[in-house]
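Chains as they are written, first to last, in full-length UniProt numbering: chain A, 1 to 778; chain B, 1 to 209.
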């Protein structure tokens, strides 16, 4: 017993390296020696099985604990632990009990599993801890130990990251605090080896504390093997995987347990938005080594190795139960501080009571399973949501881009529309201006027509006067013929003179009229020019026509003027001649007309009449003259009228021309208007087209997004399929591995069978021999 | 971001960065003015409050310290969600840690847009002679991404106070700006919330030493 205790104590000491090999192999030997004694004791203890009454005093206790405290830094905690095992009385018995269990582990573990577990719950004595942990982890013959040597030599990608945390793992602990000392070196070695052994996990912050705890109890190689078991058997590997999904699950489970067992606290945490991962993630990642003192952490590790991760939940709940009343009155920041400082102290105060409190908490495995399922559902849903979200976000992005494009297009279209509308407005303005011009022209046209009508009226009236004059002339001629030409010469002369004056006046008047006409022509030409400045070419032709017409008229007027002058001069000549004749041969009547000579042909009566009527003759002559003058006058008037008619005709022509031009213009304006309208229609059509295009694009975008959705869903399905395939392959792989193992086993069993056969043969031989000897004896 | 009834502005700040660059040490130095080169690896996020007064405004900083190893970010970016400011810490003697800062900048910009005030801190200037991250590279990078750059030493207490003070000032400014354009901001925040779960692995910051 003493030897064993000494050996296990050295396990954690700094000098251990040399002893390592002999130690593991040495254990069975002293065990065998002690076996008989221990069995006796064992039987006694078995009698009061679970009560584990470990009440005998042992004087060695204090010396042993002091020896242990040398090995690890925290001596006081070991004294505390000693108390845990039920007072100093039980110490020796407990040791012998543990010694027996350890030496006969397999049988004890199988036969009295519950008893051993309960014993572990009481705390494994420090001396036995290293070996018990190895036994609990079942690393006796694990192949990892052999691999360790090769891992040590290899290089790991995680070395840098691991190194960074080495100095920050148990920095206060004697074994680890020395920079690049033995402790730090072994810590690094084990973690590097693990990062090579399990490349998926590699290195994860937090695992260092577990490794450190192991290294306090056993050498590197064993610590590595135990670490591998802890990772594989107790969910810890999943905890440290890159996604840390297991940690999330544990948080979820713990949160639900808190809700169930400590509802007030749960409500309070929720109200402070104090999430479980804020306080409990390190509990799970380091198995309380960073929260509680090492002795307590060791006790938790004892139970962890024998019962699994459930103990972490129990301890967590026990901690929260301890601090519940205080926690309920704190705010978020203080909760955090309290959990970090006061709460561990509270638990430390009475470790046994605390551990018993933990054991008393029941965690229903079924409930845990149920929670696990719920969590998986939530996670998958979340992932699905995330996938959908991602799809939607991408879609959203695409749609936004498209919207931007469409907006750009639409703004371009709007611009074009505006431009079109501006064009249209300009066109309308032009149209309006043209319409106004047309109106003005129409008015001018109406005016011209009115003037034309007036002119025609005048022409008609003039024609009538001409006709009257003609008739009057003919009647005068008739009178002339009937009466001959007598009459008072003097009066007639005066009359003629007056007429002459009048004729001259008329001539002057005509000249004035003529001047007026020329002025008017000029006016008209100007008017023409101003009216149609734009279409000068056309107008010039018209104006030239008009000019020619006007010139013709002028020439005519000149001609008639000359005629009239001639007439007037003729008349004045005739008048002179007449006056001379009058003065020279007053009595004798000049043979003036055929009528007179005709009258003279009748002899007697004519002679009488001749004398009596010479005066009448003169009168008649005068009258004749006057009539002639009048005739001339009438003629002049007639000519004048004709001129006027001509003038009016040209005016009419001009007006018609003007009308034609106005019509043309109006037509052009209408055409312009039409063109503008058409342009507007085209623009509207284009706008409609753009709107169609916009709608098309929108629908297309929608369609595409739907397709993208579908594609995404398909992808997700395909991924799921692939995942199932992968799991199938994994299964197959495992099956193959187990088959391989089985085959190996079969080999063994074959050998066994052979051996059995050999045994049987030997037995048969022995039997034979025996019978032979019997025979011989007989 | 939230304003408590008493007129105190609450800002959430998160310390991010590769493991062992000095996140926890910076925090410890700022809050408790202590330096402990023997603290444990940070394994779970934790936070501390700091109250201060700037321009007559009462401000409460909730500073979150996170675990540095990349794996720990699978647990959810609850740490930087709704943060007003982020301090991205790197170790001037470790180029990889500066690379992680770049990753963080990318992730934060993606998740939070420009709603978050970024500060890049090159820690451990007491080890200037071992520097491997070139000074100009770090500063020009910070400039490029619109972050302020500080050199700090938690050990010698250099630049720590200034860093937190300037960060708080900037957050206050941003908060005041944002309260004018509240509508835009909320929509952005929505997007952020949506995307947060997707992101899992960029490195996160942790502590320091």
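Just so it is clear, CB atoms sit at the ideal spot from N, CA and C, and this is done for glycine as well.
No experiment lies behind these values; they were computed from the predicted model shown.
Where the beta strand (DSSP E) containing residue 269(A) begins and where it ends: Where residue 269(A) is concerned, there is no enclosing beta strand (DSSP E), although the alpha helix (DSSP H) around it starts and stops at 263–271.
query: How would you write the range of the alpha helix (DSSP H) that residue 149(B) sits in, first residue to last?
result: Premise fails: residue 149(B) lies in the beta strand (DSSP E), 148–151, not in any alpha helix (DSSP H).
field: Helix, strand or coil at residue 341(A) according to DSSP, with G and I counted as helix
entry: Taken through DSSP and simplified to helix, strand or coil, residue 341(A) comes out as coil.
message: Any beta carbon of chain A sitting closer than 9 Å to that of residue 255(B)?
response: This structure cannot speak to residue 255(B), because chain B is shown only from 1 to 209.
task: Starting from residue 58(B), trace the beta strand (DSSP E) both ways and give me its first and last residue.
output: Secondary structure note for residue 58(B): its beta strand (DSSP E) is the uninterrupted segment 57–65.
field: Inter-residue CB distance, residue 210(A) and residue 289(A) (contact presumed, cutoff 8 Å)
entry: Confirmed, Cβ separation roughly 7 Å.
At least three beta-carbon pairs within less than 8 Å, the segment 180–196 of chain A to the segment 259–277 of chain A: Not touching, per the Cβ criterion.
query: Where does residue 746(A) land, buried or exposed, given buried means 16+ other C-beta within 10 angstroms?
result: Per the 10 Å Cβ criterion, exposed.
- request: Enumerate in chain order the residues of its own chain whose CB-to-CB distance from residue 561(A) is below 7 Å, with the five nearest sequence positions on each side excluded.
  value: Answer for residue 561(A): 507 and 510, listed in chain order.
message: Suppose only complete runs of 4+ residues qualify. What are the alpha helix (DSSP H) ranges in the segment 259–338 of chain A, listed by chain order?
response: DSSP runs (the alpha helix (DSSP H)) wholly in the segment 259–338 of chain A: 263–271, 276–286, 294–307 and 310–327.
- prompt: Which of the three DSSP states, helix, strand or coil, is assigned to residue 75(A)?
  reply: Model confidence at residue 75(A) stands at a pLDDT of 38, short of 50, so the residue's coordinates are unreliable; what they give is reported in the following sentence. In the three-state reduction of the DSSP assignment, residue 75(A) falls in the helix class, which pools H, G and I.
Assigned secondary structure, residue 245(A) (DSSP; H/G/I helix, E/B strand, else coil): Of the three classes helix, strand and coil, the one that applies to residue 245(A) here is helix, per DSSP.
field: Below-9 Å beta-carbon distance, residue 110(A) vs any chain B residue
entry: No, because no Cβ of chain B sits closer than 9 Å to the Cβ of residue 110(A).
task: Using the Cα positions of residue 677(A) and residue 685(A), report the straight-line distance between them to the nearest angstrom.
output: It is roughly 12 Å from the alpha-carbon of residue 677(A) to the alpha-carbon of residue 685(A).
task: With a cut-off of 8 Å on the beta carbons, I'd call residue 157(A) and residue 226(A) a contact; round off their distance for me.
output: So it is not a contact: roughly 24 Å between Cβ atoms.
task: Step through the CB atoms of chain B and report whether any lies within less than 9 Å of the CB of residue 758(A).
output: Against chain B, the CB of residue 758(A) has no partner CB under 9 Å away; the residue lies outside that interface.
query: According to DSSP, is residue 90(B) helix, strand or coil?
result: In the three-state DSSP reduction, residue 90(B) falls in the strand class (E or B).
- prompt: Does the distance from the C-beta atom of residue 355(A) to that of residue 299(A) stay below 9 Å?
  reply: Residue 355(A) is a Cβ neighbour of residue 299(A), given a cutoff of 9 Å.
task: List in chain order: all unbroken alpha helix (DSSP H) runs of 4+ residues lying wholly within the segment 168–238 of chain A.
output: DSSP runs (the alpha helix (DSSP H)) wholly in the segment 168–238 of chain A: 174–177, 182–197, 207–215 and 220–233.
- prompt: Helix or strand or just coil, what does DSSP make of residue 558(A)?
  reply: In the structure shown, residue 558(A) falls within a helical segment according to DSSP collapsed to helix, strand and coil.
message: To the nearest angstrom, how far is the alpha carbon of residue 635(A) from that of residue 665(A)?
response: Cα to Cα, the separation comes out at about 44 Å.
query: What's the call for residue 769(A), buried or exposed, on a 16-neighbour Cβ count within 10 Å?
result: Exposed, since its Cβ has fewer than 16 Cβ neighbours within 10 Å.
task: Please report how far the alpha carbon of residue 401(A) lies from the alpha carbon of residue 47(B), in whole angstroms.
output: Residue 401(A) and residue 47(B) have their C-alpha atoms spaced approximately 41 Å apart.
query: My guess is that residue 648(A) and residue 420(A) are in contact by the Cβ rule of under 8 Å, so how many angstroms apart are they, rounded?
result: Between residue 420(A) and residue 648(A) the Cβ distance is about 51 Å, and since that is not below 8 Å, they are no contact.
message: Using a Cβ-Cβ distance cut-off of 9 Å, determine whether residue 62(B) contacts chain A.
response: At least one chain A Cβ lies under 9 Å of residue 62(B).
- prompt: By the criterion of Cβ-Cβ separation under 8 Å, what are the contact partners of residue 46(B) in chain A?
  reply: 278, 336 and 340, listed in chain order.
- prompt: For residue 206(A), which residues in chain B fall below 8 Å Cβ to Cβ?
  reply: Within chain B, the residues near residue 206(A) are 41 and 43.
Chain B contact for residue 168(A) (CB, 9 Å cutoff): So yes, residue 168(A) belongs to the interface.
- prompt: To which residues of the same chain is residue 31(B) closer than 8 Å at the C-beta, ignoring the five residues directly before and after it?
  reply: Cβ neighbours of residue 31(B) beyond the five flanking positions: 48, 50 and 63.
message: Distance cutoff 9 Å, beta carbons only. Does residue 304(A) sit that close to anything in chain B?
response: No, because no Cβ of chain B sits closer than 9 Å to the Cβ of residue 304(A).
- prompt: When you compare only the Cα positions, how much space is there between residue 696(A) and residue 714(A)?
  reply: Roughly 26 Å separates the two Cα atoms.
- request: Taking only beta-carbon positions, decide if residue 705(A) is within less than 9 Å of chain B.
  value: For residue 705(A), the answer is no, since every Cβ of chain B falls outside 9 Å of its Cβ.
- request: Name the residue from 545(A), 556(A), 619(A) and 150(A) whose alpha carbon lies nearest to the alpha carbon of residue 579(A).
  value: Comparing alpha carbon positions, the residue from 545(A), 556(A), 619(A) and 150(A) closest to residue 579(A) is 619(A).
- prompt: Using 9 Å as the limit for Cβ to Cβ distance, is residue 244(A) near chain B?
  reply: For residue 244(A), the nearest CB of chain B lies under 9 Å from its own CB, placing it at the interface with that chain.
query: List, in order along the chain, the chain B residues whose C-beta lies closer than 9 Å to that of residue 333(A)?
result: Chain B residues near residue 333(A): 47, 48, 49 and 62.
- request: List the endpoints of the continuous beta strand (DSSP E) containing residue 16(B).
  value: That run of the beta strand (DSSP E) goes 9–17.
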